[in-house]
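Novice: After the structure tokens below, expect a handful of questions from me.
In full-length UniProt numbering, the protein residues as written are 1 to 257.
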């Protein structure tokens with residue numbers, strides 16, 4: 001049965017996401033602020049402001065603009081996060097309070113109101129273990145050479161644990177958590193238990209795997225070099241030069257590795 005179509009494209013068309021991004025950019029261009037105050041990725045939009053009334057005004061403007069062109073902002077999926085512990089209320093869009101959260105995930109990374117990495121590290125460790133378990137048919141197979149197991153771990157499992165770690169303010173606690181995870185994975189891959197009395201360094205040498213803390217440092221230095229080379233108007237360079245008011249907690253200053 002055939003029927004006429006006057007709007008849209010065929011379902012599954014490769015043009016659909018491209019056209020959506022082009023339309024979104026065109027109809028909201030005058031509402032977009034310079035990075036990092038407005039960040040867009042496909043249909044995900046992040047608005048940031050220093051003051052709550054201004055954020056509420058901008059959110060309402062975006063909602064009205066989208067409605068003007070036949071699009072609808074999903075208020076139920078829109079969340080509000082603030083770093084102000086004394087602020088108890090949320091903001092409103094069309095008279096409806098947005099869901100206030102203490103954390104949310106943006107592009108695979110968890111952002112929290114207290115700037116803690118605990119949830120993010122927990123998520124990375126959990127995801128890495130999930131990936132490791134899915135590969136136990138290879139990693140725990142005694143007929144497969146250890147150099148191949150090492151390559152699988154280094155190229156498939158470890159990157160899951162260190163995703164986004166270039167921007168982490170790494171502490172000794174975080175390094176310890178990741179090191180414990182890696183040590184357990186390597187020992188189980190080698191089929192070694194505590195009763196075998198084999199040192200962790202010996203296991204690493206067998207697999208040719210450097211400590212994950214060293215890989216974190218390497219990734220951060222590589223990212224830092226990239227930041228130094230980019231233009232001054234990019235998000236990462238703006239973040240590097242940002243001067244934040246206030247004082248850091250004593251434990252944050254003393255635990256950074």
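Note that the Cβ used here is the ideal one computed from N, Cα and C, for glycine as well.
Buried or exposed for residue 19, going by 16 or more other Cβ atoms inside 10 Å?
Specialist: Indexing the chain shown from 1 puts residue 19 at position 19. Residue 19 is exposed by the Cβ-count criterion.
Novice: According to DSSP, is residue 40 helix, strand or coil?
Specialist: Position 40 of the chain shown, counted from the first residue, corresponds to residue 40. Annotated three-state conformation of residue 40 is strand, per DSSP.
Novice: For residue 93, which beta-bridge partners are listed by DSSP?
Specialist: Counted from its first residue, the chain shown places residue 93 at position 93. DSSP lists 96 as partners of residue 93.
Novice: Comparing C-alpha positions only, which one of 24, 220, 53 sits nearest to residue 45?
Specialist: What you label residue 45 is simply residue 45 of the chain shown in a count that begins at 1. Among 24, 220, 53, the Cα nearest to that of residue 45 belongs to 24.
Novice: For residue 115, which residues in the same chain have their Cβ closer than 8 Å to its Cβ, ignoring the five residues on either side in sequence?
Specialist: Here the question's residue 115 lines up with position 115 in the chain shown. So the qualifying residues of the chain are 83.
Novice: For residue 36, which option in 43, 49, 26 has the closest C-alpha, if you only look at C-alpha atoms?
Specialist: For the purposes of this step, residue 36 is taken as residue 36 along the chain shown, with counting starting at 1. With distances taken between Cα atoms, residue 36 lies closest to 49.
Novice: Rounded to whole angstroms, what is the Cα-Cα separation between residue 211 and residue 52?
Specialist: Against the chain shown, residue 211 aligns to sequence position 211. Against the chain shown, residue 52 aligns to sequence position 52. C-alpha separation (whole angstroms): 44 Å.
Novice: To the nearest angstrom, report how far apart residue 139 and residue 177 are at their CA atoms.
Specialist: In the chain shown, the residue the question calls residue 139 occupies position 139. In the chain shown, the residue the question calls residue 177 occupies position 177. Near 22 Å, if we compare the C-alpha coordinates of residue 177 and residue 139.
Novice: Ignore the nearest five residues each way along the sequence and tell me which others in residue 206's own chain have a CB closer than 7 Å to its CB.
Specialist: On the chain shown, position 206 is the one that residue 206 refers to. Once the five neighbours on either side are set aside, the close Cβ partners of residue 206 are 146, 190.
Novice: Below 7 Å CB to CB, which residues in the same chain sit around residue 66 once its five sequence neighbours on both sides are set aside?
Specialist: Residue numbering aside, residue 66 sits at position 66 when the chain shown is read from its first letter. Answer for residue 66: 72, 73, listed in chain order.
Novice: From residue 61 to residue 27, what distance separates their C-alpha atoms?
Specialist: On the chain shown, residue 61 is found 61 positions in, with the first residue counted as 1. On the chain shown, residue 27 is found 27 positions in, with the first residue counted as 1. Using only the alpha carbons, I get a separation of about 12 Å.
Novice: On the three-state DSSP scale, how would you describe residue 207?
Specialist: Translated into the one-based positions of the chain shown, residue 207 becomes position 207. Of the three classes helix, strand and coil, the one that applies to residue 207 here is helix, per DSSP.
Novice: What ranges does the alpha helix (DSSP H) occupy inside the stretch 31-86, keeping only unbroken runs of at least 4 residues that lie completely in it?
Specialist: At a cut-off of 4 residues, the continuous stretches assigned as alpha helix (DSSP H) that sit fully inside the stretch 31-86 are 52-68.
Novice: For residue 88, does the count of other Cβ atoms within 10 angstroms reach 16, so buried, or fall short, so exposed?
Specialist: Residue mapping note: residue 88 aligns to position 88 of the chain shown, counting from 1. Result: exposed.
Novice: Less than 6 Å between C-beta atoms, sequence neighbours within five positions excluded: which residues of the same chain meet that for residue 223?
Specialist: In the chain shown, the residue the question calls residue 223 occupies position 223. Closer than 6 Å at the Cβ level, and outside the excluded window around residue 223, lie 166.
Novice: Please identify the residue among 68, 13, 101 whose C-alpha is closest to the C-alpha of residue 81.
Specialist: On the chain shown, residue 81 is found 81 positions in, with the first residue counted as 1. Nearest C-alpha to residue 81: 101.
Novice: For the beta strand (DSSP E) that contains residue 110, what are its first and last residues?
Specialist: As a first step, residue 110 is located in the chain shown; it is residue number 110 there, counting from the start. Start and end: 109-112.
Novice: On the CB-based measure, 16 or more other CB atoms within 10 Å of its CB, does residue 79 come out buried or exposed?
Specialist: Against the chain shown, residue 79 aligns to sequence position 79. By the neighbour-count rule (16 or more Cβ atoms within 10 Å), residue 79 is not buried but exposed.
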